[in-house]
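Here the structure is laid out as structure tokens; the discussion comes afterwards.
This is the structure we're talking about:
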């Protein structure tokens, strides 16, 4: 058993690594990594404390996932690889550091990333592209994130990373799940089409759930999952930077993740902003979503 | 674009008007108005801070509503008309001020009102009646609000406004949606019938959703919408004065509002009590509900 | 009317008994009882403040339950019987006191218990067994609670009470509802079978709701209901010691309770940990769940 | 010992009366009484929950006060007399009920009152005047509370009660302690003089502490103490309706109370607004201030 | 009277400008200005919401300051000039916008600035220097803020602005008040001397209060005041980004400000991070500190 | 430099050890150790999360303490030694584990302990006695903690540890600092004398500060410091189990610690209960108090 034994050492004891797993020594198949950067946000910051909170909120995770029939910590020899050393206030420097750091990770491991805000996903995708070529992207979010620029032409924010990734041709098929909320203009809808992004909005999730699952099963090739916690309703995930009411329940997003029968090569959960949490409900949900994806990876890797 | 441009001026900047819209100058078709009175409550006060919180919580709203296909701010030339000057501690004086103030508003504009507690709806309906004659009422709430008197014969509280409105013959058909929770006695059920109120309780919403939508579509003539935030479950809207567990989700109430194909002449969202909120989730929901109704009005007004 | 009259004395006034009911004098049929012990928890404590918070959170309850068509306070002559005098830090001494105290209660009354952590249910079941013989157990929870020992062989915790009850042959049929979350090992699944426990996990509740209701209706003989508040999702019940995301909604658990057409001889709601609550949403939910069960008891007792 | 024994029944158990004292039966010398009215406030409401919170926050009080050398609960046979049945939304009706209720109390007992907002002190002083004649008033507050009217001539609010009491000639000498914060105009200063009120402002407390104590010792005749919790700095008492920064510490106010060697015939602690508290620090402070005054009464009554 | 009249319109009503003052039209002598930028912080962000919170927290301010004998709103014709349009994530662009914006303000008005983090003070000093030449700086803080670079040579953060200002020769005499907390190395002490900064640490404030006041009175020429809210103890100001325990009380900092008999040409209160506040105690304190400085300016300007 | 470099790796990054120090490898002189046990409390639990919160709250500590002129991390080669594996619910088993674990620590290191509740100090003193003989005890607290038994003769709680230590003759001179609050009876005062405990109550600290410092300087031989965070006022340290209002400020307790010129062989900070904290102010204070004591140890050890 890789975790500290909860029957000997109560789960509120000892130093907080993800799920009380060991730190990495290089031979593991999957690693929890924090990218605590939040200067890409256009509303509420705080996601820089995401990795710290998700580690604290992961202490109740246990080895076996009965709904996926998987023991991800053991099967993937999972470890905690600490955080990327970001540069607060300097988004472009930070992006270089992330890309460099992740370029190492993707060679040997499946990174399970805790943000940070969504701007971190662009350099992660650059690293992934460099190491493994173009992957598909399944993007859980309430927002499109493919706006062009903000604030006088600024290209890098948590609302523009996807357009940059598409412009740079870093990804194959893109599926967005859970989109909702007001838009800047009706053109946002046509932009999705122009950009070739497949959109399942909140009504699709609520009313055509099975169809989404079937569509996603058709995906070939490596898949990267990027999950903005604001895809979940603020009742379940209040701790986020740009909340959108009327969202998914935690059960719905967990079931969607469990249904993925694709080749996942990496994932992130972003936009968890702990100053806005209460009683750790968002941090615990985020830790569980990482756990579900790890479980699915573990299951899918089995011969 | 009527809102301050979010691509130039980040949404956390500048003075808080509703959705960062301009203040009113008289020519607009719809106006956000605050009625910050809460001495009508029989349990938790605090709704006097509702308008302030809903303004702060409306900063993320964007111009285009994709689910309703509507740009309410531009189409209705929407503005923020400040607050009614209420008289704390003196409910009857306050009611006179509200009626007088709203009698002006209804002449030229569609008021989108943020309470305050539910007692404010009575003088609003008096003003509406005076200006436009009797309207239908769609009333979202967990409570009937047609009790007779409280505390030794007091006729004006947030639990008696609807009986007063019916006694004064201010409204036509009344539909209640979302009713639940324990009652003072079994006679409350028969009172609903005696008073001619059509009740869709929480089970109707959960199990006969489409039937409700069909019923409401049959409504002719002007419609006023009064939405007590406690119709939503406390998980989604903790900041309210008399919470009832086991309620609607935010998605359900939003979809109900979007489905309304009637002639809406005014609306209120009441009972948002910010001291009981966390991370603004209730205030943001309330702001979005006002936005959804504005979007529907805008859509329905189109030829 | 047994409650203090809310039309004369506002519901925020007077000393907090459950639902502002009178204290017990011995002739009542059902009693609210607090068991404020929480040294059985293996993660977050705080449930010792459960009875105090649930009393405060029960002030909005009214006499008539329209969904069950029942007036439990009057029909059961319900009262508040104070708390059991527990011994903080000494679980085995506390268990003896609980068993002794409840052995009195079960003789004449139906106890409606507010925990306290789940370890209190074992001595309650011992008392029930002693007074009324073996009853069936309907157990709402996200966790199995039938682990063997913790921390070097400790037999009494909130995660082991059910195994002890089964070993001691205190209960007949056991039904678990709402089980979810990661497990210590795959053997937990087979242990359920070995122990003869009938498990309806979260998927069963979400996807086979009616089947559960039908199964439970078949139960003969006395039934004890033990409800761990963590069966509900943390969005609806954040105030608990070992939260599991992805759970029931408050509406779902209320409907399940209302559907029970069995002979209920006692019940508990446990693991409400008020330091983790906000705006009393968990305490209010717990008070309502006790109210729903009281209503069902009252209905089912009618000839 | 009048309190429930904390060595047998832990202090988090049993129904919340003040300090876990018995309810009154008529023969006691001093009684805790709640007056949960808050429609007199001109900013944040919530003080209606003051008595409930102060009862919960008084559980840690023990029988002996070493700084005053007094056992107030036993010496005064102190009890909890419940709450006055106020009328939410109707300040003048409520004032009549308070006056009537307190007119009974003052005959036989020393009332130790938990507000409610400061408007309740006027009817209390009316009752005191009626029963015992004119008393002196020691008024701890950051605000003068002798403004004339608000909101178009309204005479009864939490900011006007003292002018009314002076106009009605209900009190003898008036001492104000802790006054600070911005004023409506420079005339407020001269009004204090015109009204004959002796003012010790915050600087007097911080820099001339002993002089205040000496002055107060000179008071002859019965004394009523009215303590607005906002006399204390918001760091120590965040839960209040119109906070003023730069105030007293909790130690300073406690020492001032302990130094009073006068004939106290009643007291109130008002403006505790629990929705704005955290971890009960304000409620606990308020409970302790009542305890200090009870201790002083007990000491001063000794021959 | 410039503020909305609180005797007609309760202070919780109407749109939130600072102290409910009018927006600026160009002829005023002093203006409240928000600079909601927080990407300069090296620990907790959130100060971008400072101006919004300080406006909300300023509603209780009244026209007359009795301790300074001043009516700053009227005497200075004070107004609210909105916020500078910052560029989240891009500190150097933001600094240019601030400098440009403030260069206008300093020509005609005394700006009273609400941050934002402390990095905003550098461009403010640049603007001040450009318009009025070198001023003295009185800097209230727990930290020196003259470190050289962070994170691989980054020159602009909230911990380096003072060194930049000194390097650029923007200020005359610099006095620091309230310095405390652990340091990066002993050289920080000698750096203060090398840089010519006069330091009054926390012990100087606590033990040599009057000496500080006398020293500051000697300052000739224009003075700019920069007040980091973390100079106050976290008990009084929890809402800040890099709290240091063991700090000033709110009374102490207010008295220090009131004692300033110098020619103040501008001021800022920075590092108020509302996500970390409770019941607005920090925001209210910040609003009062701005009010105290405005009062002092008003008094000092009198002939 | 032993800490992770804050100029390269921002202080919100990387896994939480105390002050981001390395874990222990055996050769260090001082170690941070967590003892997360809280079943000894008689009111609010939660201190089991103390070590986790204090680690998170220690991230802002820097290497040099200017008020003590000391670099404790380097001079003591300080490290983080994880937590003792406690046994929730079983106080006597836990005490054995603590004694055993600490018996190792005291041989080679100076342990700087984060509780946990105050019951942990008894086994720590047993270990200290065993390894180093009898030490003096400086005990900061608002409570005496020398009561005999609770709840029917229970000898081990957080209110009885000191009597046990005295009965077992584990300590030499005992000094208590900060004592205040109501007592169970007047005999508590004489018990202090009988037990030979030197008491400096809150008035001694406030009014005879220097005398205390002089007295403590006379202490010869090894000294153990046990600091219950409730010695500080709840305004500065709300997160504790049995708060007493009217306490020390954070500055006062820090100055008392800095003044200690004695041979400190170990210390603990106990009773930090994070569920009751806000914005980490208590956790940060506790981390700083450990840092101050480490600084003093480092200074005093210098030749």
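Residue numbers (our numbering), protein chains in the order written: chain A, 177 to 479; chain B, 177 to 479; chain C, 177 to 479; chain D, 177 to 479; chain E, 177 to 479; chain F, 177 to 479.
Here a beta-carbon is modelled for each residue, glycine too, at the ideal position from N, C-alpha and C.
Contacts that residue i makes with chain C (C-beta to C-beta distance below 7 Å)
i, result
"residue 454 of chain B", "454"
"residue 326 of chain B", "183"
Alpha-carbon to alpha-carbon, residue j and residue i
i, j, result
"residue 350 of chain A", "residue 464 of chain C", "45 Å"
"residue 284 of chain C", "residue 388 of chain B", "46 Å"
"residue 218 of chain D", "residue 209 of chain C", "40 Å"
"residue 180 of chain D", "residue 248 of chain D", "15 Å"
"residue 340 of chain B", "residue 330 of chain B", "12 Å"
"residue 255 of chain F", "residue 194 of chain E", "49 Å"
"residue 415 of chain B", "residue 234 of chain B", "16 Å"
7 Å Cβ cut-off: residues of chain A touching residue i
i, result
"residue 461 of chain B", "421"
DSSP state of residue i mapped onto helix, strand, coil
i, result
"residue 134 of chain A", "A question about residue 134 of chain A goes unanswered here, because the residues of chain A that appear run from 177 up to 479."
"residue 454 of chain E", "coil"
"residue 216 of chain A", "coil"
"residue 259 of chain D", "strand"
"residue 374 of chain A", "strand"
"residue 308 of chain D", "helix"
"residue 464 of chain A", "helix"
Anticipated Cβ contact below 8 Å, residue i with residue j, distance rounded
i, j, result
"residue 354 of chain E", "residue 316 of chain E", "6 Å"
"residue 286 of chain D", "residue 211 of chain D", "Rounded, the Cβ-Cβ distance is 15 Å, inconsistent with contact."
"residue 262 of chain E", "residue 186 of chain B", "7 Å"
"residue 478 of chain A", "residue 437 of chain A", "So it is not a contact: roughly 12 Å between Cβ atoms."
"residue 400 of chain B", "residue 304 of chain B", "6 Å"
Listed by chain order, chain F residues near residue i by CB distance under 7 Å
i, result
"residue 411 of chain D", "411"
Cross-chain neighbours of residue i in chain A, by beta carbon under 9 Å
i, result
"residue 388 of chain F", "By Cβ distance, chain A contributes nothing, its closest Cβ being about 36 Å from residue 388 of chain F, past 9 Å."
Neighbour list for residue i in chain A, Cβ cutoff strictly below 8 Å
i, result
"residue 467 of chain B", "358"
Chain-ordered neighbours of residue i on chain E, where CB pairs are closer than 9 Å
i, result
"residue 330 of chain A", "263, 264, 265, 266, 269"
Chain-ordered chain B contacts of residue i [CB-CB under 9 Å]
i, result
"residue 289 of chain A", "Within chain B, no residue comes near residue 289 of chain A; the closest Cβ sits about 24 Å away, beyond 9 Å."
Interface partners of residue i on chain F, CB under 8 Å
i, result
"residue 188 of chain A", "212, 224, 225, 228"
Self-check item: Cβ-based contacts, 8 Å cut-off: residues of the stretch 201-217 of chain E near chain B
Solution: 210, 212
Quiz prompt | Interface positions of the stretch 216-243 of chain E facing chain D (Cβ-Cβ less than 8 Å), listed along the chain | solution = 235, 236, 237, 238, 239, 240, 241, 242, 243
Quiz prompt | Residues from the stretch 427-458 of chain B in contact with chain H, defined by Cβ distance under 7 Å | solution = The structure shown has no chain H; the protein chains it does contain are A, B, C, D, E and F.
Quiz item: What residues from the stretch 251-274 of chain A come within 9 Å of chain B, judged by C-beta to C-beta, listed N to C?
Solution: none
Quiz item: Which residues, in chain order, does the stretch 364-387 of chain A contribute to contact with chain B at a C-beta distance below 9 Å?
Solution: 364, 365, 377, 378, 379, 382
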